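In what follows, a single structure is set out as structure tokens and then discussed.
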Amino acid sequence: MSTTERPEPVVHDVGTYHVPDAPLGIRPSARPGLLHRPDADERRPVVVVDTPLERVRQPRDLLAIILTALGAVLVLVLAVYGHGTTEGVQADVQSFSSVLASVFFLPVVAVLEGLVTLVVPLAVLAEIAIRKLGRQVVECIAALVLGLALSALVTWSLMTWGSDDLLQGMSVPLRGVSTLTIPGYVAGVTGLLTAAGRARRRTVTFSWNLLWISLAIVLVIGQVSLAGVLLTLLLGRLAGLAVRYVAGVRSERAYGDDLVEGVRRAGFRPVSLVRVRDVADEVLVHGGHLAEADADASALAIARYSDSRVYALTQEEGPRLDVVVLDGDRQVIGFLTRAWRSLRLRGLDGRSAISLRAVAERAALLAYAAQAAGVRSPKLEGIAEVDDSMLLVQEHAVGTVPLRELSTERITDDLLRDAWRQLDIAHSAGLAHRALTSDVVLVGTGPGGEPQVWLTGWESGDVASSVLARRMDLTQMIAILALRVGASRAMASAVAVLDEEDIAGMGPLMQSVALPASTREELRAQRELLPGLRSALVERLPQADVEPVQLVRFGARTILTLAITIIAVSVVVTTINFEQIEAAVVDAEPWWAIVAFALGLLTWFGGAVTFVAFSPVRLPLLRATLVQAAASFVALAAPAGIGPAALNLRMLTRRGVSTSLAVATVALVQASQFVVTILLLVLLSVLTRDGGALRSLPSTTVLAAIISVAAVAAVAFLVPAARRWLRTKLQPMFQQLWPRLSEMLGQPGRIALGVLGNTVMTLGYVFAFDASLAAFGREVSLIDVAVVFLVGNTVGSLAPTPGGLGAIELALVTGLTTTASIPAPIATSAVVLFRVVTYWLRIPLGWVAMRYLQKRGDL
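According to our numbering, the sequence shown is numbered sequentially starting from 38.
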């Protein structure tokens, strides 16, 4: 907390400074400070009211901790599975040992170890102590101890639980004995040097170089393994980073005199710099005197949406300005957020800058571009760099308040239309904002009393933007306006300014994922707003398509799906005997594989028959069959059963069927498939007489799972909130399904045709599964094959993986081995063949069908 050139400060307590006769409105919790000293050039005093942070926890340290931990795990994995590679690299390095043995003999190695373990820590700690940084001395010692502790813990864990392959990968032969080498002193010294900070001190730079030389020598002469060295360095790095993040590091942000100097570099002569905060009793400085400030709403909005420091700048001559300070230690968070959003959402270019200067230059570019386009936006007056901060000095939007704080009564139709006009001006110049919230839309009053809208916060925007980016802007704008005035009025204001193409383009993007985080939070209290906007859009443009487009490349479900798939594949791969599988494949009959593939194609026809039978409009059987084929391609990304349902729904809506009726029809198709599967299982249980495969079903494991699920369901029904949630999920489906089912009950012929189609589809899979077993010379009762397939496929399809990938294979292999007594290698081979001919080989055909139907307008 500092000011410059103000004489005779009055200090009341350590770290807090006050000017005589300061107003009582300053809250003690804010701890503003005034520190004065004369400048050499006797310029006018500058008062800085601020709360500097002496130490900060840098997000980059947290990110480095995560990456270092992952690196350590990767080294352990490579020590097992890449042992040949690491051993080869190590052998190449050690090939020099015979040449260097005469130079780096044992006493030299001992001297180097002594230097690293004793001289390096003492030298670094001594320099830090001489600089009177006692706290950092403690932190360095803590990092040294933590590094040693981590090394000892990992060594003990490897000796206790490590596999033979892992121990071999981390060991070197010493005196004829394989010895685990994780030098603890290296981890301790690495932790100390990491906690000491960047290489700005001579001892730190010298110590790092000495450490690298020592490690290279002991690695060359075979004293340690390559994997052991890498793991030790990572453990030490992890220890030092952990201490740095927990204790924090000295702030390198621009405060006080440095902040004032930065403003002067930008070309201004400041009188005061006052930190803008979310408090009603903030103070401003006018002519060297402190006075109560008005609610500085627009500057507070900048601080909220940008997560940057904002200062009110008063000049010797000229208007009041806003100073936005970007700090280097905050840029990692912004970079990761932008990169994650660009990676997760379609249509975002992902131009994320990580360096502080690049972020500031991008903000300046967008500010100048908006100004040149004629958008009403605060003018960027200057830019400067000082310490680890960049200063953006911009015009203060006098008399404006953010839309968030504007009362509903003050939001007129003229104001709404002006908001759309400002955004339209930006879009006409090729600019996209990308982050429109109720904080970046400022509202003021023009010379004639008319409302004026300002658009701020262009830092995340784009020049030469895409159509999708501009339409996302429109969606964000209508959402924040609808939150204030309702869906109908917001849509009417958009129609008054925009053309029909822009209005229609908003429909598919009206999704919460397309909105900034602050807008999504506001929408939680008005969950019906987005459906209301879609209804208002259809009311204005009946021909508009409001079906949501796929904006999200992946979400939590995709990550869970990938994890389950990896686990399932790992279990299968690690439990099967590849030699036996190879022998089985060599003896397999290829003609049965062709038969299985043809029977798999028959399932498309069965699914199409059911779809045509239950459809409320007449559908060509060939087109319906191609839709089922296209679903095989969609199954590459969608869980089992989801792909056909989505494409059936799409085909019905493209043929003019209302969305509610199409959903009911698709639900009826899926319900009939489930009913037919259950009926076939019951029929098979009657036909087996002695039980066959059903005799061993359900197994003890299945019974335990059923009992557990039933217990969880019973407990859930006892909780009112769970009952309400389940009712809200199931009730709409039954409300849509029942009218369609009632209509179909009066047409028994169509019901019979639908049941026949489902039977053909199911038996097609059963016969294909039986043919896959026959390809490996296994004759199993057809009834047993059907039971194993129906139970295994049903259980495996419950997993949220694409096409049930991994889960179905595991369920079918388990069913064959436990209920049909098929050896595991043969069962695995048969299941793999079955999935290849009924899943993988059909994907290219599904892609061709998808392209054809899209060109014909059916999808």
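Virtual Cβ for every residue (Gly too), placed ideally from N, Cα, C.
Given the structure is predicted, the values throughout are model-derived calculations rather than measurements.
Taking the Cα of S818 as reference, the smallest distance to any Cα among W495, Q891, A516 and S858 is reached at S858. Separation of R660 and G894 (C-alpha to C-alpha, rounded to the nearest whole angstrom) is 11 Å. The three-state reading of DSSP puts R507 in helix, counting H, G and I together. With fewer than 16 other Cβ atoms inside 10 Å of its own Cβ, L107 counts as exposed. Distance from the CA of L443 to the CA of L402, rounded to the nearest whole angstrom, comes to 30 Å. By a beta-carbon distance limit of 8 Å, F305 contacts L350. Their separation comes to about 7 Å.
Rounded to the nearest angstrom, the Cβ distance from V161 to L230 is 7 Å, consistent with a contact under 8 Å. Between T662 and W641 the beta-carbon gap is near 5 Å, inside 8 Å, which marks them as a contact. Across the structure, L890 and E584 are spaced so that their CA atoms are roughly 18 Å apart. Secondary structure in the stretch 388-458: the alpha helix (DSSP H) runs of 4 residues or longer, each lying completely within the stretch, are 393-410 in chain order. Checking the DSSP bridge columns, you'll see Y282 has no partner listed. Here S652 is buried. Its C-beta has 16 or more other C-beta atoms within 10 Å. Close CB contacts of V694 within its chain, under the 7 Å cut and outside five residues either way in sequence, are with P653 and V654 (chain order). Proximity to M514 across M543, Q563 and F813 peaks at M543, based on C-alpha coordinates.
Considered as a whole, the stretch 195-279 harbours 208-211 and 214-217 as its complete beta strand (DSSP E) runs of no fewer than 3 residues, in chain order. Judged by beta-carbon spacing, V85 lies within the 8 Å limit of L296, meaning their Cβ atoms are closer than that value. Pairwise C-beta distances place the stretch 284-294 in contact with the stretch 424-438, as three or more of them are shorter than 8 Å. With a contact defined as Cβ atoms closer than 8 Å, V646 and L588 miss out at about 35 Å.
Taking C-alpha positions only, I462 is separated from H470 by approximately 12 Å. A166 sits away from A232, with the two beta carbons spaced by 8 Å or more.
Here V223 really is in contact with L252; their C-beta atoms are around 7 Å apart, less than 8 Å. Within the same chain, Cβ atoms closer than 8 Å to the Cβ of V226 are found at V153, T154, V157, P158, L181, G184, S244, L248 and G273, the five residues on either side in sequence being excluded. Around the C-beta of E496, 16 or more other C-beta atoms lie within 10 Å, and the residue is accordingly described as buried.
Beta-bridge pairing by DSSP links Y876 to no other residue.
In the structure shown, L535 adopts coil according to DSSP, grouped into three states. Of R561, L698 and A501, the smallest CA-CA separation from A410 is found for A501.
In the DSSP assignment, A349 falls within the beta strand (DSSP E) that extends over R346 to Q352. Counting along the chain, the unbroken alpha helix (DSSP H) around D295 starts and ends at G293 to R302. A Cβ-Cβ distance of about 21 Å is found for the pair T512 and V480, leaving them out of contact under the 8 Å criterion.
Taking a 10 Å sphere around the C-beta of V266, we find 16 or more other C-beta atoms and assign the residue as buried. With contacts defined by Cβ atoms closer than 8 Å, P307 and V313 do not form a contacting pair.
Restricting attention to V83, P568 and N246, the CA atom closest to the CA of E353 is found in V83. For R341, there is no enclosing beta strand (DSSP E); the residue is found in the alpha helix (DSSP H) stretching over A334 to S343. Assigned with DSSP and collapsed to three states, P785 falls in helix.
Checking the DSSP bridge columns, you'll see G481 partnered with Q489. By the C-beta density criterion, L271 is buried, having at least 16 other C-beta atoms within 10 angstroms.
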